[in-house]
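The block underneath contains the structure these notes are about, expressed in structure tokens.
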Ligand SMILES: [Zn+2]
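Right under this line is the structure:
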């Protein structure tokens, strides 16, 4: 198996980021992760496309496609459409979005419908990769079993599943079966976010650690990533040096 591995970076110079990490891909934001602004066009768009580099775009964190609140849900749809368009302009392989969460008093199933309605509002030329989250009893995909009913609503759209190992662990999903559960629900794992966790199993906290330096047993982390059988992004602390170490750590164990 030829593993395709990279890291989340600041994204100012994606091709340099790949080279500095001995990586095969890179993930970054196209706009302020805490903002709603439309991603500005990139001057290096033509260069990025011509490079053939594998690029992933992470959508802003404010986005919540499953929110009961119009003033969050509607801007989230608009911002997702804009982010997908900006991702297409640089030839990105996917746009990663957190599954979001419904209201405290709502049934999670309304979140699946809100996702369908969101995807109905625009044509997506780039796959939208829906990521599991660590916290919240009302999160759409904290429980990995929820990919199955979510996919019944949206499986026909240009979507994929992004499995984050730290979020699964902290969200209370055993890593021995995490990838298998996502594959059973969504057909495949499109992308892995391989992160160790600073917090214990089922802590519901989202704090990433460098690989081997957190709470996740090494064998479980590696087995989960291997079972997912997808490109891998490390979203771990540090810069090029730490990411390069994490990528090498994985390559050694996945070989
Ligand atoms: Zn992630």
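Numbering (this note's numbering), first residue to last: 3 to 257. Each residue gets a CB set at the ideal place from its N, CA and C atoms; glycine is no exception.
Should residue i go down as buried or exposed, given a rule of 16 or more other Cβ atoms within 10 Å for buried?
{"i": "residue 41", "result": "buried"}
{"i": "residue 233", "result": "buried"}
{"i": "residue 269", "result": "The chain is shown only over 3 to 257; residue 269 falls outside these bounds and no answer can be derived."}
{"i": "residue 175", "result": "buried"}
{"i": "residue 12", "result": "exposed"}
{"i": "residue 190", "result": "exposed"}
{"i": "residue 78", "result": "buried"}
{"i": "residue 140", "result": "buried"}
{"i": "residue 48", "result": "exposed"}
{"i": "residue 1", "result": "Any property of residue 1 remains undetermined from this structure, which presents the chain solely from 3 to 257."}
{"i": "residue 120", "result": "buried"}
{"i": "residue 2", "result": "The chain is shown only over 3 to 257; residue 2 falls outside these bounds and no answer can be derived."}
Report the rounded CA-to-CA distance for residue i versus residue j, giving the unit in angstroms.
{"i": "residue 26", "j": "residue 6", "result": "6 Å"}
{"i": "residue 157", "j": "residue 65", "result": "20 Å"}
{"i": "residue 29", "j": "residue 136", "result": "20 Å"}
{"i": "residue 81", "j": "residue 23", "result": "30 Å"}
{"i": "residue 211", "j": "residue 244", "result": "11 Å"}
{"i": "residue 200", "j": "residue 188", "result": "28 Å"}
{"i": "residue 160", "j": "residue 253", "result": "30 Å"}
{"i": "residue 222", "j": "residue 18", "result": "32 Å"}
{"i": "residue 177", "j": "residue 98", "result": "21 Å"}
{"i": "residue 32", "j": "residue 202", "result": "32 Å"}
{"i": "residue 75", "j": "residue 52", "result": "35 Å"}
{"i": "residue 241", "j": "residue 247", "result": "10 Å"}
{"i": "residue 153", "j": "residue 73", "result": "25 Å"}
{"i": "residue 169", "j": "residue 208", "result": "6 Å"}
{"i": "residue 50", "j": "residue 90", "result": "11 Å"}
{"i": "residue 224", "j": "residue 3", "result": "14 Å"}
{"i": "residue 239", "j": "residue 155", "result": "35 Å"}
{"i": "residue 68", "j": "residue 164", "result": "17 Å"}
{"i": "residue 100", "j": "residue 196", "result": "15 Å"}
{"i": "residue 229", "j": "residue 249", "result": "17 Å"}
{"i": "residue 186", "j": "residue 237", "result": "25 Å"}
Which stretch, first to last residue, makes up the beta strand (DSSP E) that contains residue i?
{"i": "residue 58", "result": "56–60"}
{"i": "residue 234", "result": "234–236"}
{"i": "residue 263", "result": "Look at the range of the chain in this structure, 3 to 257, and you will see that residue 263 is not part of it."}
{"i": "residue 2", "result": "Any question about residue 2 goes unanswered here, given that the chain covers just 3 to 257."}
{"i": "residue 130", "result": "130–133"}
{"i": "residue 194", "result": "193–195"}
{"i": "residue 8", "result": "7–10"}
{"i": "residue 96", "result": "96–100"}
Does the distance from the CB of residue i to the CB of residue j come in under 9 Å?
{"i": "residue 92", "j": "residue 131", "result": "no"}
{"i": "residue 171", "j": "residue 214", "result": "no"}
{"i": "residue 102", "j": "residue 117", "result": "yes"}
{"i": "residue 9", "j": "residue 235", "result": "yes"}
{"i": "residue 144", "j": "residue 162", "result": "no"}
{"i": "residue 147", "j": "residue 183", "result": "yes"}
{"i": "residue 217", "j": "residue 255", "result": "no"}
{"i": "residue 95", "j": "residue 129", "result": "yes"}
{"i": "residue 194", "j": "residue 166", "result": "yes"}
{"i": "residue 46", "j": "residue 70", "result": "no"}
{"i": "residue 61", "j": "residue 85", "result": "yes"}
{"i": "residue 149", "j": "residue 134", "result": "yes"}
{"i": "residue 138", "j": "residue 44", "result": "no"}
Looking at the unbroken alpha helix (DSSP H) that takes in residue i, where does it start and where does it end?
{"i": "residue 245", "result": "242–256"}
{"i": "residue 72", "result": "72–91"}
{"i": "residue 183", "result": "177–188"}
{"i": "residue 153", "result": "149–156"}
{"i": "residue 113", "result": "111–122"}
{"i": "residue 222", "result": "220–230"}
{"i": "residue 259", "result": "In the structure as shown, the chain begins at 3 and stops at 257. Residue 259 is therefore absent and cannot be evaluated."}
{"i": "residue 17", "result": "16–22"}
Exercise. Counting by C-beta, which residues lie closer than 6 Å to a heavy atom of ligand 1, in chain order?
Worked result: By the rule of a C-beta closer than 6 Å to any heavy atom of ligand 1, the residues picked out are 133, 166, 195, 237.
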